[in-house]
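Quick mapping for you: the protein sequence lines, in order, are chains C and B. Be aware that the first sequence starts at 1, since it is given in our numbering, and climbs by one per residue. Be aware that the second sequence starts at 468, since it is given in our numbering, and climbs by one per residue. We put the beta carbon where it would ideally sit given N, CA and C, even for glycine. Contents: one structure, followed by commentary.
Protein chains: 2
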Amino acid sequence: MKPEIRTDVAIIGAGSAGLYAMREVRQAGRSFVLIDHGPLGTTCARVGCMPSKVALHAGRLWAARKEIAGVDGLDALSLDTARLWAALREQRDQFASRPEKAARSMAGDFLLEGPARFREAGVLEVSLGENVQIVRAGAVVIATGSRPVVPAWLATVAERTLTTEQLFELPVLPKRVGVLGLGAIGLEMGLALSRLGVEVIGADVANTVAGIVDPVIGERAVGRFMREITIWLGREVSVSTSGDEVLMCSGERVARVDLLLAALGRRPNVDGLNLAAAGIEVDGRGLPKFDPATMQIGALPVFIAGDATGDRPLMHEAADEGAIAGYNAARSDITRFRRKVPLGMAFSDPDVAAVGARLDQLDAQSIVIGSAGGDSNGRARILGGEDSLLRVYADARDGKLLGAAMVATGGEHIAHLLAWAIQRGETAQSLLQLPFYHPVVEELLQTALKEIAEMFSDGLPVGLVRT
Amino acid sequence: MKPEIRTDVAIIGAGSAGLYAMREVRQAGRSFVLIDHGPLGTTCARVGCMPSKVALHAGRLWAARKEIAGVDGLDALSLDTARLWAALREQRDQFASRPEKAARSMAGDFLLEGPARFREAGVLEVSLGENVQIVRAGAVVIATGSRPVVPAWLATVAERTLTTEQLFELPVLPKRVGVLGLGAIGLEMGLALSRLGVEVIGADVANTVAGIVDPVIGERAVGRFMREITIWLGREVSVSTSGDEVLMCSGERVARVDLLLAALGRRPNVDGLNLAAAGIEVDGRGLPKFDPATMQIGALPVFIAGDATGDRPLMHEAADEGAIAGYNAARSDITRFRRKVPLGMAFSDPDVAAVGARLDQLDAQSIVIGSAGGDSNGRARILGGEDSLLRVYADARDGKLLGAAMVATGGEHIAHLLAWAIQRGETAQSLLQLPFYHPVVEELLQTALKEIAEMFSDGLPVGLVRT
Numbered sequence: 001m002k003p004e005i006r007t008d009v010a011i012i013g014a015g016s017a018g019l020y021a022m023r024e025v026r027q028a029g030r031s032f033v034l035i036d037h038g039p040l041g042t043t044c045a046r047v048g049c050m051p052s053k054v055a056l057h058a059g060r061l062w063a064a065r066k067e068i069a070g071v072d073g074l075d076a077l078s079l080d081t082a083r084l085w086a087a088l089r090e091q092r093d094q095f096a097s098r099p100e101k102a103a104r105s106m107a108g109d110f111l112l113e114g115p116a117r118f119r120e121a122g123v124l125e126v127s128l129g130e131n132v133q134i135v136r137a138g139a140v141v142i143a144t145g146s147r148p149v150v151p152a153w154l155a156t157v158a159e160r161t162l163t164t165e166q167l168f169e170l171p172v173l174p175k176r177v178g179v180l181g182l183g184a185i186g187l188e189m190g191l192a193l194s195r196l197g198v199e200v201i202g203a204d205v206a207n208t209v210a211g212i213v214d215p216v217i218g219e220r221a222v223g224r225f226m227r228e229i230t231i232w233l234g235r236e237v238s239v240s241t242s243g244d245e246v247l248m249c250s251g252e253r254v255a256r257v258d259l260l261l262a263a264l265g266r267r268p269n270v271d272g273l274n275l276a277a278a279g280i281e282v283d284g285r286g287l288p289k290f291d292p293a294t295m296q297i298g299a300l301p302v303f304i305a306g307d308a309t310g311d312r313p314l315m316h317e318a319a320d321e322g323a324i325a326g327y328n329a330a331r332s333d334i335t336r337f338r339r340k341v342p343l344g345m346a347f348s349d350p351d352v353a354a355v356g357a358r359l360d361q362l363d364a365q366s367i368v369i370g371s372a373g374g375d376s377n378g379r380a381r382i383l384g385g386e387d388s389l390l391r392v393y394a395d396a397r398d399g400k401l402l403g404a405a406m407v408a409t410g411g412e413h414i415a416h417l418l419a420w421a422i423q424r425g426e427t428a429q430s431l432l433q434l435p436f437y438h439p440v441v442e443e444l445l446q447t448a449l450k451e452i453a454e455m456f457s458d459g460l461p462v463g464l465v466r467t
Numbered sequence: 468m469k470p471e472i473r474t475d476v477a478i479i480g481a482g483s484a485g486l487y488a489m490r491e492v493r494q495a496g497r498s499f500v501l502i503d504h505g506p507l508g509t510t511c512a513r514v515g516c517m518p519s520k521v522a523l524h525a526g527r528l529w530a531a532r533k534e535i536a537g538v539d540g541l542d543a544l545s546l547d548t549a550r551l552w553a554a555l556r557e558q559r560d561q562f563a564s565r566p567e568k569a570a571r572s573m574a575g576d577f578l579l580e581g582p583a584r585f586r587e588a589g590v591l592e593v594s595l596g597e598n599v600q601i602v603r604a605g606a607v608v609i610a611t612g613s614r615p616v617v618p619a620w621l622a623t624v625a626e627r628t629l630t631t632e633q634l635f636e637l638p639v640l641p642k643r644v645g646v647l648g649l650g651a652i653g654l655e656m657g658l659a660l661s662r663l664g665v666e667v668i669g670a671d672v673a674n675t676v677a678g679i680v681d682p683v684i685g686e687r688a689v690g691r692f693m694r695e696i697t698i699w700l701g702r703e704v705s706v707s708t709s710g711d712e713v714l715m716c717s718g719e720r721v722a723r724v725d726l727l728l729a730a731l732g733r734r735p736n737v738d739g740l741n742l743a744a745a746g747i748e749v750d751g752r753g754l755p756k757f758d759p760a761t762m763q764i765g766a767l768p769v770f771i772a773g774d775a776t777g778d779r780p781l782m783h784e785a786a787d788e789g790a791i792a793g794y795n796a797a798r799s800d801i802t803r804f805r806r807k808v809p810l811g812m813a814f815s816d817p818d819v820a821a822v823g824a825r826l827d828q829l830d831a832q833s834i835v836i837g838s839a840g841g842d843s844n845g846r847a848r849i850l851g852g853e854d855s856l857l858r859v860y861a862d863a864r865d866g867k868l869l870g871a872a873m874v875a876t877g878g879e880h881i882a883h884l885l886a887w888a889i890q891r892g893e894t895a896q897s898l899l900q901l902p903f904y905h906p907v908v909e910e911l912l913q914t915a916l917k918e919i920a921e922m923f924s925d926g927l928p929v930g931l932v933r934t
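Below you can see the structure in the form of structure tokens.
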């Protein structure tokens with residue numbers, strides 16, 4: 001038995017949230033240990049945001065060959081997906097090496113590479129090979145991330161089922177892929193694969209893609225993406241093996257594919273932590289109850305951050321949560337922090353994005369909706385985004401911006417402007433006072449705002465105010 | 468002699484500024500005439516923003532073929548620029564038909580198609596074929612736009628010199644083009660042509676491109692674009708014909724090209740207006756003196772807007788100026804309006820952009836500069852923008868944002884965020900409280916802001932505030 005380690009803060013997980021927590025603990029001058037069972041490197045960099053964006057970019061470039069007038073010789077062009085995917089892994093490895101290096105260099109000797117579980121609220125057991133290391137900490141930060149859900153009904157096709165943990169390791173891309181789940185991850189990867197020449201059938205029990213709640217945007221998005229992939233919505237899918245193939249069935253629809261990509265959500269990695277021993281209260285899903293303003297679990301000296309919460313599985317939220325958890329874990333007084341305006345997107349190009357309040361969180365009688373279509377936006381038309389659609393929700397009393405949903409070329413950029421505007425309490429009228437260059441996709445927002453602002457006109461030209 | 472027309476407002480020019488002016492005059496319920504010598508359709512749509520963006524987009528897509536790992540058969544690929552340019556014109560015509568239709572449908576019988584000149588401040592002569600139409604107006608709006616400068620020293624090579632008025636009419640793209648002037652227009656078109664396979668030599672007497680004043684950004688931009696086009700800076704260029712070629716010389720540098728593109732600036736179309744007859748005071752360049760808050764010329768019932776001012780030759784400024792001029796021309800009281808934060812860019816991909824105060828307008832001792840390079844931004848690296856560079860200028864006392872310059876992939880989007888933040892009086896610290904998604908090029912701004920915010924730390928985690 002190794003001697004106990006006594007430290008101010010123990011951080012379980014060296015991913016995005018854990019590294020942000022570590023930074024705050026160091027900043028506060030507290031001692032800490034960082035515990036990770038490996039592999040080091042964040043979910044984002046290893047299997048999430050980064051390799052998916054590499055794949056999406058490659059898909060976009062490859063698809064672009066057909067979008068240029070006057071090109072001859074296209075038939076002779078081919079894509080070797082083995083080389084492409086190898087190049088993707090090389091770039092991915094560069095991304096993943098950064099957080100790994102950060103963990104090793106910042107934690108140094110205080111990095112314990114093994115799985116941890118609670119013995120008590122402030123006491124952890126860390127398995128280091130044959131040994132068990134006891135860590136007695138003043139506070140603990142749980143930043144253990146999440147893993148893809150692979151439900152039991154996929155067991156019969158397990159050999160032909162991938163998650164994003166394996167997708168980027170494929171030696172070559174298959175001819176046909178079935179994507180189960182069309183949330184942001186399933187939609188992104190389905191489109192990337194399709195643009196790289198894979199035949200894709202995407203299915204979801206929900207009636208929308210990328211989690212879009214606004215039915216008008218959802219319908220537009222589905223219509224747009226059906227031009228690239230087959231989409232089955234609103235029904236359960238059953239799968240079975242048939243020789244070397246996988247049979248996908250949904251109602252009367254049948255498809256044969258070579259592989260399945262399970263994109264059915266991610267589960268927080270908290271089931272192996274022995275939460276009960278720490279006196280941690282959990283909800284119906286087995287997830288700790290915590291306060292999003294402090295990241296504290298109950299009144300315990302235990303904090304949680306990032307995907308482990310099951311709350312906002314987004315890198316920029318994980319960064320904030322890690323910082324809040326680390327800040328509070330390093331101090332005796334608990335500070336409450338303001339969280340940012342909700343912002344979620346799929347980089348599906350056209351991007352699907354939702355900002356602020358969702359349509360189903362608003363009272364239809366109390367809001368006005370301004371909308372703008374890509375056919376009215378010159379730049380969007382040039383970029384092939386004429387079927388973009390943006391809907392902005394504003395308070396019917398004063399035009400104050402509440403939320404928005406869109407499927408739009410350059411939507412990721414429009415979504416940032418909207419998130420900032422909503423967090424700042426801008427109205428449609430006030431936002432039009434700010435410059436919109438020309439010709440930019442941001443003018444889509446200008447058009448939608450004008451529709452709202454007209455209802456609150458002060459008689460002055462739109463967007464202009466007296467000095 | 469036709470009978471005089473008596474009207475409340477005469478608007479000379481049916482371009483962007485003129486159409487915005489007309490809208491305000493109609494809104495105020497005043498009578499008006501809209502005068503344009505043709506062709507109808509705005510500079511932006513006919514020969515400016517729109518066809519240039521079509522060309523840049525095509526160039527980007529065509530250049531992308533070499534940026535995908537694993538592609539075979541590239542040698543067999545070719546681009547027929549005759550078909551490409553014809554497709555560009557088709558798209559351009561669609562863009563140009565919109566403002567033309569707007570002018571005809573909104574002005575109706577009050578559209579006079581001929582050149583106008585002043586007889587007195589409120590009296591215009593409009594030549595309509597053989598006839599002269601006298602228009603007696605309560606107020607006049609000058610929105611006559613601008614034309615490319617073609618200096619006298621180009622007379623000897625006139626047959627081989629184009630401006631953007633002719634560029635898009637070429638039946639096929641030449642092999643080699645010399646671009647004279649590397650402001651935003653010259654840089655954009657030089658890069659578009661180069662990406663479409665034309666060998667481009669760009670020259671400017673200035674030591675920068677796209678008018679960038681910040682020397683660090685200027686140097687980075689020049690270094691980046693030299694990878695695509697030959698760039699000669701800081702010296703006069705002489706040109707002469709030599710058989711079927713044009714010889715370009717600058718110091719010891721010599722190049723032979725097939726055509727020259729003169730991108731040496733644009734001159735306001737006010738020289739034919741007989742300004743003196745209206746009692747209009749002009750500056751050393753022969754341009755009317757006006758108040759940018761009212762667009763009024765002196766105390767006359769004459770207003771000016773858009774490129775005709777020689778002040779801010781940008782579509783979104785022309786829209787504001789047209790609206791201000793029209794609003795004031797339609798009323799007896801003059802209203803002063805606040806103008807927007809300066810925002811200028813070249814869509815050069817990486818975009819060159821300047822926002823707010825320029826570096827040479829700031830006192831070096833009173834500011835702090837935050838910077839961020841594309842190599843630190845994951846998304847920029849994926850998009851090939853690792854040599855992006857952003858510099859943000861803030862007040863050294865409090866971190867208040869004053870201006871920025873950049874050469875950056877997605878710079879057009881970053882520039883909008885910055886322009887809005889500057890107009891709203893945000894500091895680096897306050898701006899970090901707003902969400903930055905991941906992985907986005909906007910995080911380049913986040914990185915630059917953090918460098919500034921560190922100097923004003925309140926001890927809380929960056930970007931987080933107490934509830």
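For the candidate residues the options, whose alpha-carbon lies nearest to that of residue i?
| i | options | result |
| --- | --- | --- |
| G70 (chain C) | B:V608, B:G877, B:A610, B:A522 | B:A522 |
| I747 (chain B) | B:G657, B:D865, B:A775, B:A588 | B:A588 |
| L468 (chain C) | C:A404, C:L460, C:P51, C:M345 | With chain C represented from 1 up to 467, any question about residue 468 (chain C) goes unanswered, as that position is not in the structure. |
| P906 (chain B) | C:W420, C:H57, C:F110 | C:H57 |
| M573 (chain B) | B:M489, B:G845, B:D854 | B:M489 |
| I472 (chain B) | B:T708, B:A604, B:A495 | B:A604 |
| V126 (chain C) | C:L314, C:F436, C:D360, C:P3 | C:P3 |
| E567 (chain B) | B:A543, B:L501, B:L541 | B:L501 |
| V646 (chain B) | B:E853, B:R556, B:V680, B:V713 | B:V713 |
| L170 (chain C) | C:E199, C:E130, C:L84 | C:L84 |
| V468 (chain C) | C:L111, C:A82, C:L124 | Here chain C has residues from 1 to 467 only, and residue 468 (chain C) is not among them. |
| E655 (chain B) | B:T631, B:L640, B:V639 | B:T631 |
| Q600 (chain B) | B:L578, B:I609, B:T611 | B:L578 |
Run through chain C and tell me which residues come within less than 8 Å of residue i, C-beta to C-beta.
| i | result |
| --- | --- |
| L810 (chain B) | P435, Y437 |
Run down chain C in chain order and give the residues with a C-beta less than 7 Å from the C-beta of residue i.
| i | result |
| --- | --- |
| T548 (chain B) | G70 |
| L850 (chain B) | H57 |
| Y794 (chain B) | P461 |
Span of the alpha helix (DSSP H) holding residue i?
| i | result |
| --- | --- |
| D395 (chain C) | Note, D395 (chain C): premise wrong, no alpha helix (DSSP H); beta strand (DSSP E) at 389-395. |
| D349 (chain C) | No alpha helix (DSSP H) holds D349 (chain C); DSSP gives it neither H nor E. |
| G685 (chain B) | 682-692 |
| Q94 (chain C) | 81-107 |
Going by DSSP, name the residue or residues bridged to residue i.
| i | result |
| --- | --- |
| F804 (chain B) | C:R466 |
| D774 (chain B) | DSSP output for D774 (chain B) lists no bridge partner at all. |
| M873 (chain B) | B:A820, B:L857 |
On the CB-based measure, 16 or more other CB atoms within 10 Å of its CB, does residue i come out buried or exposed?
| i | result |
| --- | --- |
| K807 (chain B) | buried |
| N736 (chain B) | buried |
| A364 (chain C) | exposed |
| Q561 (chain B) | exposed |
| D539 (chain B) | exposed |
| R752 (chain B) | exposed |
| A299 (chain C) | exposed |
Taking Cβ-Cβ distances shorter than 8 Å, what residues in chain B pair up with residue i?
| i | result |
| --- | --- |
| T335 (chain C) | L927, R933 |
| S78 (chain C) | V538, D539, G540 |
| K53 (chain C) | G845, R846, I849, P906 |
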